[in-house]
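These protein sequence lines map, in sequence, to chains H, G and C. My numbering applies: residue 1 is where the first sequence begins, and numbers increase by one. My numbering applies: residue 463 is where the second sequence begins, and numbers increase by one. My numbering applies: residue 925 is where the third sequence begins, and numbers increase by one. Glycine included, each C-beta is placed from N, C-alpha and C at the ideal position.
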Amino acid sequence: MTDTSTNMRTKLPITCFILEIILIILFGTLVQYDYETDARAWHNKTHFDFENDFYYRYPSFQDVHVMIFIGFGFLMTFLQRYGFSSVGFNFLIAAFSLQWATLMQGFFHGMHGGKIHVGVESMINADFCTGSVLISFGAVLGKTSPIQLLVMAMFEVTLFAINEFILLSLLGARDAGGSMTIHTFGAYFGLMVTRILYRPNLDKSKHRNCSVYHSDLFAMIGTLYLWMFWPSFNSAITAHGDDQHRTALNTYYSLAACTMSTYAMSALTAHDGKLDMVHIQNAALAGGVAAGTAGEMMLTPYGSMIVGFLAGIISVLGFKYLTPFLEEKLKIQDTCGIHNLHGMPGVLGAIVGAVTASLATVEVYGGGLRDVFPDVASNKIDASYQGSMQAVSLAVTLGVALLGGLIVGLILKLPVFGTPPDAACFEDSVYWEVPGEDLNHDGQLTVVRIDETEKLNSPMAQ
Amino acid sequence: MTDTSTNMRTKLPITCFILEIILIILFGTLVQYDYETDARAWHNKTHFDFENDFYYRYPSFQDVHVMIFIGFGFLMTFLQRYGFSSVGFNFLIAAFSLQWATLMQGFFHGMHGGKIHVGVESMINADFCTGSVLISFGAVLGKTSPIQLLVMAMFEVTLFAINEFILLSLLGARDAGGSMTIHTFGAYFGLMVTRILYRPNLDKSKHRNCSVYHSDLFAMIGTLYLWMFWPSFNSAITAHGDDQHRTALNTYYSLAACTMSTYAMSALTAHDGKLDMVHIQNAALAGGVAAGTAGEMMLTPYGSMIVGFLAGIISVLGFKYLTPFLEEKLKIQDTCGIHNLHGMPGVLGAIVGAVTASLATVEVYGGGLRDVFPDVASNKIDASYQGSMQAVSLAVTLGVALLGGLIVGLILKLPVFGTPPDAACFEDSVYWEVPGEDLNHDGQLTVVRIDETEKLNSPMAQ
Amino acid sequence: MTDTSTNMRTKLPITCFILEIILIILFGTLVQYDYETDARAWHNKTHFDFENDFYYRYPSFQDVHVMIFIGFGFLMTFLQRYGFSSVGFNFLIAAFSLQWATLMQGFFHGMHGGKIHVGVESMINADFCTGSVLISFGAVLGKTSPIQLLVMAMFEVTLFAINEFILLSLLGARDAGGSMTIHTFGAYFGLMVTRILYRPNLDKSKHRNCSVYHSDLFAMIGTLYLWMFWPSFNSAITAHGDDQHRTALNTYYSLAACTMSTYAMSALTAHDGKLDMVHIQNAALAGGVAAGTAGEMMLTPYGSMIVGFLAGIISVLGFKYLTPFLEEKLKIQDTCGIHNLHGMPGVLGAIVGAVTASLATVEVYGGGLRDVFPDVASNKIDASYQGSMQAVSLAVTLGVALLGGLIVGLILKLPVFGTPPDAACFEDSVYWEVPGEDLNHDGQLTVVRIDETEKLNSPMAQ
């Protein structure tokens, strides 16, 4: 019956109920089935069944969905005592964010006669926006309460939708796989939030901020699902036909090359010539991030491989040299190393996208130029202008992310949100009923209740 | 060389061989490729390749398949010493059930000139029927032998097919995602079976009827796959086009809202304001169950969210208050709490379906009314009659499930099936070769053989 | 700062960098987008978007992709101290192999005007070839360095492409699911390699060559993904329409029947009438292997079930009686028992394919004969000749695999590749930074660093 600030008995139910009721009211007021999900609208016209966008995009949507819930969720289970929170809070904030994102993205770029239309494309976009929130979650993992995370998600989704609107609608940028809108935005937003939430005494929980043997295997489940389905992620909302096909192919090669350079760099930089699971779990994915913008373009297979190859190298070097520097000098405590997986590879992807866009020609794209660069195809702008807008988009994204992260970080410092004390970070038992494991003398597993939470909470609760 | 009733050396091989040989003979006599899988038939007509139903339904089938084998299998691995049996018996009875279901469902509503036609739709339907058996398995988990489970599956599949025939063919009910046919049926059938198999001395195994840290993470794999792919489950056999699309969308929103209310209720009701993994693993899925009947209808996104929201609340309350009551007062030992995940949300889904059906109008559905309510569209019946038939279907399902469970439970009490003694419930080593885990002084893992089975079996075997 | 041959600090980076740079150069010179991924080419003609092969094959590709990275990767995590290497080396050699396979397969049967064309079909074929390498990896699991594996992959992919060219292009054999090209080839190649790498003193590591409780559950993740997605594997590159549909259906039934006979045989042969996880994890998959060649043919559902049923029996018997014999008498140390899962069932599948092909008639296949047996349909050959060519193909495959394995095995014996000493086999810490697990007296998990590698490496390094 402890009554500390981390007790969620009243706070979490109130937060969840209020948020969900607001969501339901707004959905009731604003959201409608789109043309392809509405029984009346769809049957009003004649067409083949397979023209329904469902058949073009639903398999990709499901792959993205797996990346969001299993991929991100299990990737973060590497912490020895934070598996419940990693996968559980990931689940909670994703379930909230996808609903809120439907509204925010609809509001900024999906209104039709005062109504937000929903279908498989809005589902994919909502999952994408959710991905951005989960990236930021990686930076603050282990140091935040579920309420802080929900509040962060609420603001971040809103800012995501604004930034996405500026990039795609105002600047006319292309970013199908979200190197900028998802990865760069999520990473720098999260890094700024964790900077504001800096904990000088986090070393009190240091012994828990690492993995154990089985937790690293759970994390590999997350890694592999992200890796395997990244081609679906980058191609999920590109144009039908060659575009989806080509994007998946480019991403596939980028990831394969990235894996090779990741293993090479890991052995080169890690202790004693051995491979480091942290690198494998994270850096091998950088090739997907870096192919996020240019993946739909005529990047060529070997171009994709070069991008992935570089992304892997940058990412491992970041884990080895930059993360300790950021922590010690800049006071940025980045639990999952999102700067290495999403930050730098996202910026790389944005640059590759800008360069590739500026080189686009009718000779190479033919009639497909309309799909990839509609403004260039219609002669509204030329390719080099498209490239410049891509570069401007990167700058805008960094600005919105950092400024947004600053403000949201300050909001999250309000004590009412129930942040864990320094000594109880990276510890599930603050927020979860946790069974323990014990091997008694008979070699038979029995359960012990870990009652250390009292210990952890009472003396150190601010 | 113990020779107790739980020894499977001869019983299991005989059972499996006889069942499979019967299956092969019946398949050889009765089963044919359908029009879309038969080389001659398909090539006899001209059509586009993509008109083959394979392309409409196979991705959904695979998602359903993952739910059946990974979803159900791993959801039940939460027990600390029953992981092999959870995922292994799940595997066995699912592999049997999907074959037997093909025959039973074909017999009751898929005969064409004396032959059962098979293709992707029959595969989905067989997996659905299997899901129902696995729900019942959740109630008796840890307390039954594999032979009992196979016998239960044989009868339950048969009764499932009969009930499904009554509902869909005789009463004209709609139940694409199976709130009634799958969830309500599987739950109440399983609850009655476990009631009949009541063990007054089950507390002898109480120390094993709980989770350990890693087993809860394995269970979350099951939970998340069920959650992510439930939109595919509910939409797998709805009509092509807007129907599949809309059903997936409705289920997606229902689940998201359900997750929010589950977390809220878990913190509200669990010990000390902490979240309880049992709720997260199970109640967050109730939104999928509750959208099983109305998911294909014009439920609207916010309507789906309300349904999911309520389902989550009911389900957590069930775990907190109803499950202990059922166990103590009604002698229903429901290992996985299927009443909370499938029973009550299934009934809720049936009611929502009946109400939504009775409100259907041509104004809302347009030409799509033909897909969702063909009898209403053809003016054979009106919407309120359709709604009544939905309600009658729920009653029929409850009746068939409870009566069927009673009879099958009595059959399963026959001692020949090798049920485990009370003190050896929730224990893998009764039926499996189990390696142990030990950490010796060097911090190196070594293997110890757990030889407690002798202990467990010899003195208590009836 | 040990400087033994197993130190990967310089060797692995050099190997990976050189291989990847060669790949990039060759891709830059030789590889082009195919018609369906190239923006200009695709838009040069008019067609429906859904005619793009992406929509026919990408969902199957993703299923195959999951089998390669999660399926094979986790299937091999059953070893108690080799989980990082199982899933991590699987990841590395798969990422390399799929790039190399694209070149080799393109070179032998995909050149168009001096260029290799890539798209979803080449992606699937590359994953298939990778699967063959991973099968061989199973035989040498725990006894090889990552560099040995990369070298093996390089040669094996090349030989695979040659053998595939002989079978499919020269002999006109049909083998859509690769009973011969993938499974038989990978198995006998791997068995010969492990024969050449025979270690007489491997019992020094015997205590690590087994599973622990949780590692068996991780392995079941691999098993189930392989099992569930095998219908996609076998149907991934069959012809559009009824062929893909029928192949998936046949494989589904074959696997279900195989699971039944596996459980039966496991209980019959294992210690004390209990089930053995090794059988369940492996033999239950033999039905997919055995349906690899005949799956696309008019094998009939019950024919598929008979094939799966036999495959399960053979496979369990192999684990029980043949594997110990191979190890003791023939000095073939087959860590995963690939002979039982891929070798014998692959040969069975080849024979079933030959028989089924020789029985093909226009009466049964109708116009579909063109898809399955184009040479028979065009009267170039008759069905019995097709059957003979299938049988010849099996013999060729065995020859190429065994001879290739012999040569590659000898190459792998070069000491420069950094093979682990006998006492350090099946041990992650040779190549990985490994955290340990310890339960201290408070029931709280803490981390211990396992520094046994020095111990392992220094005295025994050759």
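Rounded to whole angstroms, G/E889 and G/R519 show a C-alpha spacing of 39 Å. Linking H/K11 to H/D34 through their CA atoms gives a straight-line distance of about 36 Å. Between the stretch 984 to 999 of chain C and the stretch 1119 to 1134 of chain C, the count of C-beta pairs closer than 8 Å stays below three; the two stretches do not touch. Contact note: G/F691 reaches chain H through Q62, H65, V66, using a C-beta cutoff of 9 Å and chain order. Non-local C-beta neighbours of G/G640 in its own chain, meaning closer than 7 Å and more than five positions away in sequence, comprise F590, G754, ordered along the chain. In the three-state DSSP reduction, C/I1040 falls in the strand class (E or B). Within the stretch 1201 to 1230 of chain C, the residues whose Cβ lies closer than 8 Å to any Cβ of chain G are, in chain order, M1201, I1204, A1208, M1222, T1224, P1225, Y1226, M1229, I1230. Judged by their CB atoms, C/F1020 and C/L1074 are nearer to each other than the 8 Å cut-off. DSSP, read as helix, strand or coil, puts C/L950 in helix. Nearest CB-CB separation between G/K736 and chain H: below the 8 Å threshold.
Excluding residues up to 5 positions away in sequence, Q1168, T1171, A1172 lie with their Cβ nearer than 6 Å to the Cβ of C/S1159 in the same chain. The three-state secondary structure of H/Y33, taken from DSSP, is strand. Here H/M344 has I314, G318 as same chain residues with Cβ atoms under 6 Å from its own Cβ, once five neighbours each way along the sequence are excluded.
Contact of G/V493 with chain C by beta-carbon distance below 7 Å involves P1225, Y1226.
Using a Cβ-Cβ cut-off of 7 Å, H/H214 is close to H676 of chain G, given in chain order.
Linking G/L737 to H/S85 through their CA atoms gives a straight-line distance of about 10 Å. Looking only at H/R195, H/H342, H/E296, H/L255, the smallest Cα-Cα distance to H/A187 is reached by H/H342.
For C/G1165, the closest C-alpha among the options G/L488, G/R670, G/N506 is that of G/N506. In the DSSP annotation of this structure, H/I70 is not part of any alpha helix (DSSP H), being labelled neither H nor E. In the DSSP assignment, the residues bridged to G/M573 are G/I578. From the beta-carbon of G/L711, the residues of chain H found nearer than 8 Å are Y33, T37, V118, G119, V120, M123. It is roughly 7 Å from the alpha-carbon of G/W689 to the alpha-carbon of G/G750.
According to the DSSP secondary-structure assignment, H/L275 is paired through a beta bridge with C/W1356.
For H/P324, the number of other beta carbons within 10 angstroms of its own is below 16, and it is reported as exposed. For C/Q1314, the enclosing alpha helix (DSSP H) begins and ends at 1307 to 1336.
The DSSP-derived three-state label of H/T293 is coil.
DSSP places H/A139 in the helix class (H, G or I) of the three-state scheme. H/P146 is classed as buried because its beta carbon has at least 16 other beta carbons within 10 Å across all chains shown. G/P877 counts as exposed, since fewer than 16 other beta carbons sit within 10 angstroms of its beta carbon. 8 Å or more divides the Cβ of C/E1357 from the Cβ of C/V1296. At least one CB atom of chain G sits nearer than 8 Å to the CB of H/A95. The C-beta distance from G/M566 to G/A503 rounds to 24 Å, too long to fall under 8 Å, and the pair is not in contact. Residue-level contact check: C/G997 touches chain H, since one or more beta carbons of chain H fall below 8 Å from its beta carbon. As the crow flies, the alpha-carbon of H/N90 is around 7 Å from that of H/L134.
The beta carbon of C/M1189 lies closer than 6 Å to those of I1237, V1240 in the same chain, with the five residues before and after it left out. Cβ-Cβ separation between H/A139 and H/G88: approximately 18 Å, too far for a contact (criterion under 8 Å).
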